[in-house]
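Below is one structure, written out as structure tokens; comments come after it.
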Amino acid sequence: MKDVKSQASKNAAPGKQGGLNAEIQSRIGHQLRAMYDDVVRQGVPDRFAELIRKLDVPKPDTQVEDTGDQTIKNDGRD
Numbered sequence: 001m002k003d004v005k006s007q008a009s010k011n012a013a014p015g016k017q018g019g020l021n022a023e024i025q026s027r028i029g030h031q032l033r034a035m036y037d038d039v040v041r042q043g044v045p046d047r048f049a050e051l052i053r054k055l056d057v058p059k060p061d062t063q064v065e066d067t068g069d070q071t072i073k074n075d076g077r078d
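Numbering follows UniProt numbering, in which position 54 of the sequence shown is assigned residue number 54; successive positions increment by one, without gaps.
Shown next as structure tokens:
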């Protein structure tokens, strides 16, 4: 176990213990961006879009109080 720690400290940035070198960080960053871009291109599934639309519609039993500087919504779940 000691060998793993000493090797990790050799790859650390100056003044820091542990961490990853710049090349590894760059590779991880590129891979994360590629994965994220793929997820973004997929769009929102119809099921989730429908749920979002339902959540945006106020419930009929929701009461709205105006307290002057802010509005408080009370849906009866106190």
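Heads up, the beta-carbon is just placed ideally off N, CA and C, and yes, glycines get one too.
Exercise. Using DSSP with H/G/I as helix, E/B as strand and the rest coil, what is K59?
Worked result: coil
For this session: Starting from L20, trace the alpha helix (DSSP H) both ways and give me its first and last residue.
Result: Careful: L20 lies outside any alpha helix (DSSP H) and carries neither H nor E.
Problem set entry | V44 - DSSP class collapsed to helix/strand/coil | coil
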